[in-house]
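There are 2 protein chains.
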Amino acid sequence: MASIKDVAAEAGVSVATVSRVLNDHPSVSADARTRVLAAVETLGYRPNAVARSLRTDQTRTLGLVISDVMNPYFTELARSVEEEARSLGYSVIIGNADERPDLQDHHVRTLLDRRIDGLLVSPTDGGSPLMLDAARTGTPMVFVDRWIPGVDVPVVRSDGRGAVRDLVAHLYGLGHRRLAIIAGPAATTTGRERVEVFREALGAYGLELPDAYTGQGDFQAESGRLVTEGFLDLAEPPEVVFAADNLMALGALDAVRARGLRVPDDLALAAFDDIRWFVHTDPPITAIAQPTGELGRAAVRALVDRIEGRPGESVTLPARLVVRRSCGENHTPVQRSTT
Amino acid sequence: MASIKDVAAEAGVSVATVSRVLNDHPSVSADARTRVLAAVETLGYRPNAVARSLRTDQTRTLGLVISDVMNPYFTELARSVEEEARSLGYSVIIGNADERPDLQDHHVRTLLDRRIDGLLVSPTDGGSPLMLDAARTGTPMVFVDRWIPGVDVPVVRSDGRGAVRDLVAHLYGLGHRRLAIIAGPAATTTGRERVEVFREALGAYGLELPDAYTGQGDFQAESGRLVTEGFLDLAEPPEVVFAADNLMALGALDAVRARGLRVPDDLALAAFDDIRWFVHTDPPITAIAQPTGELGRAAVRALVDRIEGRPGESVTLPARLVVRRSCGENHTPVQRSTT
DNA sequence: AGTGCTCGTGGAATCGATTACATCGACCGG
DNA sequence: CCGGTCGATGTAATCGATTCCACGAGCACT
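Just so you know, the protein sequences line up as chains A and B, in that order. Residue 125 in this note's numbering is what sits at position 125 of the first sequence, and the numbering runs on without skipping anything. In short: position in the second sequence from 1, add 339, done, that's this note's numbering.
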């Protein structure tokens, strides 16, 4: 592969001049410029990004460590992150943690080794020493979706409080009184928060969230299935299950089906995170939709701001309720959306 | 960030010795080794992968350019690719082409600039000069799922011939005679091939595939919807629609629903690519399942073989039919699977 | 004419690793 | 006791860019 030296030789100038042409530095003569450009063309020269990075100490690459690529929510997030990054002249390397802290650490480590300019993380846990360290020692960093409390890093996320309130209103209006939740891992902010918000919303209607109705999941489909089976085995099973993410909702659906029961008649179902497949399930699932694309874009903007020396602030965007048929037919005024 | 020089100073040895310790070269004294390791520890030193890559001319990174990350099939492929690569000591950078040749080119270019060790591609089109060039000039490369005919690059893919035959047998057994297909882009091998294989399988039953029953899609949901509407507008609409990928099947489902019709009673539906959501749609969708994970792993192995100087061969794995309810209740002997 | 700019250019240092080569003791066999 | 080998180590070249600095030419102003 041709290097800058070859180009310099071909054009009859020094490597310094070639570099100047390529980075369009002002003081290069028109003549030199055309000769260099011609040489670049004939040699099919492409600058070696590795060498450039070594010298300039910037890779124009962002790292994105997400909890689970197979989760459509994160896939969409990853896609919007890449799009926005590309439009700002950055590439992104995605690391899939699969909800495993060790894998998360592995990815953070290799990304750091590769000297990415900044890191976007949706933490799987409370934060390993490695990540805390990176944050402290000044690696530009932004949390997206989930975050680690007490760490001084901007957070880009959505606030589901209003939407969960709308959901509870919807459920209450439908006559449901025994509501259960499949929580996410307590180590994640979203895992904890969604339960709290739900409990709070129930409180407004004088309803409780007993321990028996609080199942512990891990954001994966299988855990949703297991927890739902537990609910169904209860002497007095809940009337509604609210899954804290889309995969656990899928698992819940499995569990209900496996018993020959039906949604919403035997058990109503709602989920946090709206994905396009929810329109096509049987029945279509009522969900809380996050502005996923906007979240990804905002996160990249915040990170790039940090990288380029600007402030880079936290952003919180509201989620909204999308009512479908999985909680029963709807006749209340809280309906907000469709499709 | 501490460099190898700092470590050398701290340990009281030369950088060469530090490097030797880190790459466990045999001739280093135990004493030097422990001192270096201690220094590494206290300084929290991590080797700069950028510098190392420049010197060794290898990045231990694979590039993966896929057609569409939002397609669950490719998401799963990407995941298995990353897993296998990681186990072999490589990282992977994913580029999402979104079925757009220009984006595909953009990613190939930046990956090449970053001097990735090898490239895994699922081409969106017939191949740009850039990609053809890369293949010719010796960049280790492997095609996965789709390929470009006439280019001397190993191909890892699945063969749907047998499964499509099983599908047609299943449909025929159910009494269907008017079968239509939503094809993928003619620029892709899978787009063309699936139509041919389908036509061939129909032929075995004395059935034709008229032009009117061959809709042109682009592997995206919207095109599936459009094509299906066209089919439904026909004076004599087909009894079955076979979508050449999962997203177009989703679009077809939309189209059928939008008219208040039902699957499979009014129109039966089958898809190439099985994804977990198909179990949960209404009705569950009959599909041809590729061994996606195995495909991804085999592709990585072939690529790494090439990179490390071993042959690196093409692999073809069989797909299989998974019968569900979207084509009508099944009483034929060809049923092969469940779940 | 002399001074001081600016402009275009090349030489060389630099980034942080790896590694060929040289050096120096120690040890071994004859 | 001496030449040779081997093991441990350091010095310096190298990878391919960017960029500081120096230099010379041309030009304007006094």
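Each residue gets a CB set at the ideal place from its N, CA and C atoms; glycine is no exception.
At a Cβ threshold of 7 Å, is residue 339/A touching chain B? Only weak support exists for where residue 339/A lies, its pLDDT of 41 falling under 50; the coordinates are left without a value.
Taking C-beta pairs closer than 8 Å, name the residues in chain B that residue 53/A reaches, listed in chain order. 389
First through last residue of the beta strand (DSSP E) which encompasses residue 120/A: For residue 120/A, the enclosing beta strand (DSSP E) starts and ends at 118-121.
Among 527/B, 399/B, 459/B and 517/B, which has the Cα closest to the Cα of residue 553/B? 517/B
Looking at residue 202/A and residue 155/A, is the spacing between their C-beta atoms short of 7 Å? No. Outside cutoff.
If we count the other Cβ atoms within 10 Å of its Cβ and call it buried at 16 or more, is residue 366/B buried or exposed? exposed
Outcome for residue 368/B when other beta-carbon atoms lying within 10 angstroms are tallied against a minimum of 16: exposed
Quick check on residue 397/B: buried or exposed, where buried means 16 or more other Cβ atoms within 10 Å of its Cβ? Here residue 397/B is exposed. Its C-beta has fewer than 16 other C-beta atoms within 10 Å.
Does residue 56/A get closer than 7 Å to chain B when you measure Cβ to Cβ? no
Strictly by DSSP, which residues pair up with residue 141/A? 119/A
With DSSP collapsed to three states, give me the class of residue 585/B. Assignment of residue 585/B by DSSP, reduced to helix, strand and coil, places it in the helix class.
Do the CB positions of residue 660/B and residue 502/B come within less than 7 Å of each other? It is a contact, given that the beta carbons lie within the stated cut-off.
CB contact below 7 Å: residue 517/B versus chain A: Answer no: the Cβ-Cβ gap between residue 517/B and chain A never drops below 7 Å.
Which residues, in chain order, does the segment 16-27 of chain A contribute to contact with chain B at a C-beta distance below 9 Å? none
Cutting at 7 Å between CB atoms, please list the residues of its own chain near residue 101/A, excluding the five before and the five after it. Cβ neighbours of residue 101/A within its own chain (closer than 7 Å, five residues either side excluded): 124, 125 and 128.
When DSSP labels each residue in this structure, what does residue 644/B get in the three-state scheme? helix
Got a sec: is the Cβ-Cβ distance from residue 91/A to anything in chain B below 7 Å? yes
Report the neighbours of residue 75/A on chain B: residues whose CB is nearer than 9 Å to its CB, in chain order. 408, 409, 411 and 414
Same chain, Cβ closer than 6 Å to residue 45/A, neighbours up to 5 away in sequence not counted: 2 and 7
Taking the beta carbon of residue 497/B as the centre, do at least 16 other beta carbons fall within 10 Å, making it buried, or is it exposed? buried
Any chain B beta carbon closer than 7 Å to residue 113/A: yes
Starting from the Cα of residue 613/B, find the closest Cα among 627/B, 620/B, 600/B and 621/B and give me that residue. 627/B
The segment 67-74 of chain A contacting the segment 237-250 of chain A, beta-carbon criterion three pairs below 8 Å: yes
Look at the Cβ atom of residue 622/B, then the Cβ atom of residue 602/B, and state whether they are nearer than 7 Å. In this structure, residue 602/B lies closer than 7 Å to residue 622/B by Cβ.
Please list, in chain order, the chain A residues whose beta carbon lies closer than 9 Å to that of residue 417/B. 69, 94 and 96
So which residues of chain A does residue 385/B contact, with C-beta pairs closer than 7 Å? What residue 385/B touches in chain A: 112 and 113.
Let's see if you can read the secondary structure: which residues bound the beta strand (DSSP E) around residue 270/A? 268-272
For residue 491/B, which of 653/B, 571/B, 546/B and 647/B has the nearest alpha-carbon? Of 653/B, 571/B, 546/B and 647/B, the residue nearest in Cα terms is 653/B.
Which word fits residue 340/A, buried or exposed, when buried means at least 16 other C-beta atoms lie within 10 angstroms of its C-beta? The displayed coordinates of chain A run from 1 to 339. Any statement about residue 340/A would go beyond what the structure contains.
Mapping DSSP to helix, strand and coil, what is residue 659/B? strand
In chain order, each alpha helix (DSSP H) run of at least 4 residues that lies wholly inside the segment 171-234 of chain A: 189-203 and 221-233
Output the boundary residues of the beta strand (DSSP E) element that contains residue 157/A. 155-159
Taking only the alpha-carbon atoms, compute the straight-line gap between residue 22/A and residue 136/A and give it to the nearest angstrom. 36 Å
DSSP three-state call for residue 674/B: helix, strand or coil? With a pLDDT of 44 at residue 674/B, under the threshold of 50, the modelled position of that residue is not reliable, and no figure is offered here.
Which residues of chain B have a Cβ atom closer than 7 Å to the Cβ of residue 253/A, listed in chain order? Per Cβ cutoff of 7 Å: 619.
Quick one, are the C-beta atoms of residue 527/B and residue 486/B less than 7 Å apart? no
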